[in-house]
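Student: In the working numbering, the protein residues as written are 1266 to 1604. In this text, a Cβ means the ideal position worked out from N, Cα and C, and glycines have one as well. Here it is, the structure in full.
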Ligand code: NAD
Ligand code: ISE
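Right, dumping it as C-alpha cells:
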C-alpha cells in the first residue's frame, strides 16, 4: 500500500451509507479510489460496482480483501456484520474505517479490541462522524479553551423524520443515541457512568407499540448531566442540536440557520430531511481524514476503545429501557494502546 499513490478501497455493504461512501470516494475524496464493493445482495453490489470504473463486485468480504488491489476497507454493512469483517481485515493487516456502531454489544466490541491489541497497533477508525462536523468541532474548540468554565450539563435533541418499518425501541439507543454517547465522551472528555431512560406519552406519529420519543439521561464521571431527546418520528425533518451549559456561559449548535428568508409577512429557513444532507460535510471530512492518515501509515480519529466504551453504555441504556431504572455502565480497564 505504501508504494501506491492512490489507496485502493473495498467498501463492504452498499446500502444507503455504503453507496454514498462509494460516491464520495470517487467524486470528493482525494488519494483514494474504490476497487471493490461487497454486498450479500449480489444485484446491489453489481449495481454499485457498475458505476465505478475498475471496481469488482463481491458477495464475500473475505474474497474482496484477498484481492491485491485492496489496500484498505470501509465497512458499511449493518452493525451485526462488523465483527466478522473487522477480524478478516485484521488477519490481512488492512486499515479500516468502520461505520458506527463498532459492533452491536460490549462483548463483541471487546473481542475486536482484544484482536486489535494482539496486532499491537491501531488499525481502525470508528465512524463517529459528529467529531468531523464543523459545528461540533467549533463547540469542542470553545470548550477546550476553558473560557466558559467547566461543563455542567449537555442538552441534545436528535430528531429523525420517520422510522423505517423494522425500527425497535432498542434502536433508539443502539442506532441513534449511540452518536450522543460518543459526542458526550469526546466533547466533555469524560466517561459515561450511568443511564436512565424515561418515556413520555408516545407520539401519534409513531407506529403502534413503538416507544417514541424517548428521553435519555446520562451521568458522567466528571459530574456532568446529559440529556437526549430522541424522537425518530418527528415528521418535519432531520434535526440534531446540542447545547452545553458551563459555569460561565452556554454554547449551542445545530440550529441550521445558514440562511433566513423573510417574505410575505414570515421569516424562516429550511430543515434538512436526512443525515446524508445534514452531515454531508462531516462524512466528507471523516473519509478524507481516514484516507490521509492511512496514506501516511497512521490511524487517527475515534478508536476501537471509543467504539467499545459506547457499546457498553448502549448496553446499559437498553437495560435501563427494559428494566425502567437507572443502570450503571461498566468498562474494562483501558489498554495502553488507546492512551
Ligand atoms: P442499509 O440497510 O441501507 O445497507 C446495508 C447493506 O449491507 C445492505 O445492502 C445489505 O444487503 C448489506 N449487507 C448486510 N449484511 C452484509 C454482510 N455481511 N456483508 C456485506 N454486506 C452486507 O444500512 P445503512 O443505513 O447503509 O447502514 C449501514 C451502516 O452505516 C450501519 O452500521 C449504520 O449504523 C451506519 N450508518 C451510519 C450513519 C451515520 O450517520 N454515521 C447513518 C446511517 C447508517
Ligand atoms: C442512523 O443510523 C444514523 O447514524 C443517523 O446519524 C441517526 O441520526 C439515525 O437516527 C440512525 O438511524
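Looking at C-beta atoms only, is the number of pairs between the stretch 1348–1365 and the stretch 1307–1319 that lie closer than 8 Å three or more?
Tutor: Touching, no, given that fewer than three Cβ pairs across the two stretches are closer than 8 Å.
Student: Within the continuous alpha helix (DSSP H) that includes residue 1557, where are the two ends?
Tutor: Numbered from 1 along the chain shown, position 292 holds the residue referred to as residue 1557. Taken as a continuous stretch (DSSP letters only), the alpha helix (DSSP H) holding residue 1557 covers 1545–1560.
Student: Looking at residue 1497 and the ligand ISE, is the gap between the Cβ and the nearest heavy atom below 8 Å?
Tutor: Mapped onto the chain shown, residue 1497 falls at position 232. Checking every heavy atom of the ligand ISE against the Cβ of residue 1497, one is found closer than 8 Å.
Student: Tell me the DSSP secondary structure of residue 1410 in three-state form.
Tutor: As a working mapping, residue 1410 is identified with position 145 in the chain shown. Helix at residue 1410.
Student: Under 8 Å from any heavy atom of the ligand ISE, does the C-beta of residue 1323 make it?
Tutor: In the chain shown, residue 1323 corresponds to position 58, counting from 1. No, Cβ of residue 1323 sits at least 8 Å from all heavy atoms of the ligand ISE.
Student: Assuming residue 1455 and residue 1486 are in contact, meaning their beta carbons sit under 8 Å apart, how far apart are those beta carbons, in whole angstroms?
Tutor: Looking up residue 1455 in the chain shown gives position 190. Looking up residue 1486 in the chain shown gives position 221. With 8 Å as the limit, residue 1455 and residue 1486 qualify as a contact, their Cβ atoms being about 5 Å apart.
Student: Could you tell me which residues DSSP pairs with residue 1443 in its beta bridges?
Tutor: Start at 1 with the first residue of the chain shown, and residue 1443 comes out as number 178. BP columns for residue 1443 are empty, so no partner.
Student: Give every residue of the same chain whose Cβ lies closer than 6 Å to the Cβ of residue 1345, excluding the five residues on either side of it in the sequence, and list them in chain order.
Tutor: Locating residue 1345 in the chain shown gives position 80, where the first residue counts as 1. Hits under 6 Å: 1369.
Student: Drop a sphere of 10 angstroms on the beta-carbon of residue 1501, count the other beta-carbons inside from all chains shown, and report buried for 16 or more, exposed for fewer.
Tutor: Mapped onto the chain shown, residue 1501 falls at position 236. Classification of residue 1501: exposed, given that the 10 Å Cβ count is below 16.
Student: Taking the beta strand (DSSP E) that residue 1507 belongs to, which residues open and close that run?
Tutor: In the chain shown, residue 1507 corresponds to position 242, counting from 1. Per DSSP, residue 1507 belongs to the beta strand (DSSP E) from 1504–1511.
Student: Return helix, strand or coil for residue 1393, following the three-state DSSP convention.
Tutor: As a first step, residue 1393 is located in the chain shown; it is residue number 128 there, counting from the start. DSSP places residue 1393 in coil when its eight states are reduced to three.
Student: Just checking my contact of residue 1326 with residue 1443 at CB under 8 Å: how many whole Å lie between their CB atoms?
Tutor: The residue you call residue 1326 lines up with position 61 of the chain shown. The residue you call residue 1443 lines up with position 178 of the chain shown. So it is not a contact: roughly 23 Å between Cβ atoms.
Student: From residue 1271 to residue 1521, what does the alpha carbon distance come to, in whole angstroms?
Tutor: Translated into the one-based positions of the chain shown, residue 1271 becomes position 6. Translated into the one-based positions of the chain shown, residue 1521 becomes position 256. Answer to the nearest angstrom: the Cα atoms are 35 Å apart.
Student: Excluding sequence positions up to five away, which residues of its chain have a Cβ less than 7 Å from the Cβ of residue 1498?
Tutor: Looking up residue 1498 in the chain shown gives position 233. The answer, listed in chain order, is 1427, 1428, 1468, 1470, 1471, 1477.
Student: Between the stretch 1407–1420 and the stretch 1459–1468, can you find at least three pairs of beta-carbon atoms closer than 8 Å?
Tutor: Result no; under three Cβ-Cβ pairs closer than 8 Å.
Student: Per DSSP, what kind of secondary structure is residue 1322 in: helix, strand or coil?
Tutor: Counting from one through the chain shown, the residue named residue 1322 turns up at place 57. Here residue 1322 sits in strand by DSSP.
Student: Which two residues bound the contiguous beta strand (DSSP E) that contains residue 1286?
Tutor: Position 21 of the chain shown, counting from 1, holds the residue named residue 1286. Here residue 1286 belongs to no beta strand (DSSP E); instead the alpha helix (DSSP H) covers 1281–1292.
Student: Return the Cβ separation of residue 1482 and residue 1449 in integer angstroms, given the expectation that the two are a contact with Cβ distance under 8 Å.
Tutor: Within the chain shown, the letter at position 217 stands for residue 1482. Within the chain shown, the letter at position 184 stands for residue 1449. At roughly 11 Å, the Cβ-Cβ gap does not stay under 8 Å, so residue 1482 and residue 1449 are not in contact.
Student: Are there any heavy atoms of the ligand NAD lying less than 8 Å away from the beta-carbon of residue 1548, as far as the coordinates show?
Tutor: Translated into positions along the chain shown, residue 1548 becomes position 283. Result yes, Cβ under 8 Å from the ligand NAD.
Student: Do you know how far the Cα of residue 1397 is from the Cα of residue 1357?
Tutor: The residue labelled residue 1357 in the question sits at position 92 within the chain shown. The residue labelled residue 1397 in the question sits at position 132 within the chain shown. Roughly 28 Å between the two C-alpha positions.
Student: Between the Cα of residue 1402 and those of 1286, 1546, 1332, spot the shortest distance and give me the residue it belongs to.
Tutor: Your numbering for residue 1402 matches position 137 in the chain shown. Of the listed residues, the one whose Cα sits closest to residue 1402 is 1546.
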